[in-house]
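>
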Amino acid sequence: MNQRKRILTGDRPTSRLHIGHYAGSLENRVKLQDEYEQFVIISDVQALTTHFENPGVLKQNVHDLCIDYLSVGIDPLKSHVFIQSSIPQIAELTVFYSMFVMVNLLRHNPTIKTEAKQYGYTDLTYGFLGYPVSQAADITFCMADLVPVGEDQLPVIEVTRKIVRKFNMLYGPTLKEPDTLLGSCPRLVGLDGNSKMSKSLNNAIFLSDEHSAIVEKVNKAVTDPNRITLKIKGNPSVCTVYHYHQVFNKEESDNICEMCKNAAIGCTSCKKLLSDSLNHLLTPFREQRKYYEKRPSFIKEVLEEGNKKAKIEGAKTLSFVKTAMKIDY
Ligand code: TRP
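Here the sequence shown is numbered in this note's numbering, starting from 676 and rising by one per residue.
Structural data, given as structure tokens:
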């Protein structure tokens, strides 16, 4: 009997993961897999909500995402990494939940609104508007207790919690209401100072970036615009580099803050300290990545095993759900 509580978390296979993902949730996932039974979903169906015209990119992205996970230390012996479209029960649950979720709840969801704006949508597909419903299916198919995600996703997880409560009210206690867990850094700013790090804004440091790329990117990062000479005292609170020090160089960050405020350190040296800490974190991941990149059949096996386990759990949940809904013919 497995007594461990469950985690469900995951990502869309739309781009490689960056250091914002690491601080926002990956770091937590790596820590928590010892204590919890962890399911990690590669949500390719959800990626289709924005990539339906270009589905061909997803296959390679699924593979790359799995490599990102393994490289940072998600261990397939402790975590089940699986593909959303391979689990039919997730699609079935999505249909059942969609019968009682109100359109207004989705329409007013802050994450949906922000993302729709980002993509420049003037109208929404049924699937895009409904992705919080399919995400509720992602989370509940294995009766997850905990969902470690980045801050942007909080309103979406709130929809899951509402769906669970409504299901249980309508059909009797069946589903588990999950808790959310935020990472050490709720939101990492981009290299350009934009409030969000993302591939599409071209302001991200990827986990797969080479040593030299990190040095180059950090050198270009936006600092206090008023500090035009070394002698001028800096204001760390408006500096992107300081923001990263607080997350990736915790031990030295107070000291760096003081030195910057007193003009005792210049931006160039401060950036060097940051790229050193980032490389210290990322070098072992880079080595792991090289190992996995040479072993595509191992990646395939990890995903097959994960899918197998997810289908078993999905079948159990679906049977409870159908019984509760009295459609267990
Ligand atoms: N929506 C998440 C994102 O864009 C990815 C995701 C899909 C997810 N299903 C999930 C996250 C279930 C947590 C739980 O990052």
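Glycine is no exception: its CB is placed at the ideal position from the N, C-alpha and C atoms.
In this text, all values refer to a predicted model and were calculated from it rather than measured experimentally.
1. Report the start-end ranges of each beta strand (DSSP E) in the segment 729-759 that is 3 residues or longer and not cut off at the edges.
2. Relative to the C-alpha of valine 864, which candidate in Glu712, Ile694, Lys680, Arg687 has its C-alpha closest?
3. Using CA atoms only, rank isn't needed, just tell me which of Thr789, Leu882, His886, Ala938 is closest to glycine 909.
4. With a cut-off of 8 Å on the beta carbons, I'd call isoleucine 931 and tyrosine 917 a contact; round off their distance for me.
5. Hey, is the segment 879-892 in contact with the segment 950-965, meaning 3+ C-beta pairs nearer than 8 Å?
6. Looking only at DSSP bridge pairs, what is proline 823 linked to?
7. Just the Cα atoms here: how many angstroms apart are threonine 849 and methionine 818?
8. So, helix, strand or coil for glutamine 793, using DSSP?
9. Helix, strand or coil, according to DSSP, for leucine 799 in the structure here?
10. When you compare each of Tyr966, Asp827, Lys997 to aspartate 743 by their alpha carbons, which one comes out closest?
11. Among the residues of its own chain, which have a CB less than 6 Å from the CB of isoleucine 832, if the five just before and after it don't count?
12. Compute the minimum distance between the beta carbon of serine 994 and the heavy atoms of the ligand TRP, and state whether it is under 7 Å.
13. Using the Cβ count rule (16 or more neighbours within 10 Å means buried), how would you classify asparagine 703?
14. Check the DSSP bridge columns for glycine 685 and list the partner residues they point to.
15. Report the three-state DSSP secondary structure of phenylalanine 816 (helix, strand or coil).
16. Using a Cβ-Cβ cutoff of less than 6 Å, which residues in the same chain neighbour threonine 898 once the five nearest sequence positions on both sides are dropped?
17. Label aspartate 884 either buried or exposed according to how many other C-beta atoms from any shown protein chain fall within 10 Å of its C-beta, with 16 as the threshold for buried.
On the basis of the coordinates in this document:
1. 754-758
2. Ile694
3. Ala938
4. 7 Å
5. The segment 879-892 vs the segment 950-965: in contact.
6. Leu856
7. 9 Å
8. helix
9. coil
10. Measuring from the Cα of aspartate 743, the nearest candidate turns out to be Tyr966.
11. Val822, Thr855
12. no
13. buried
14. Ile716
15. coil
16. Answer for threonine 898: Cys914, Val916, Cys942, listed in chain order.
17. buried
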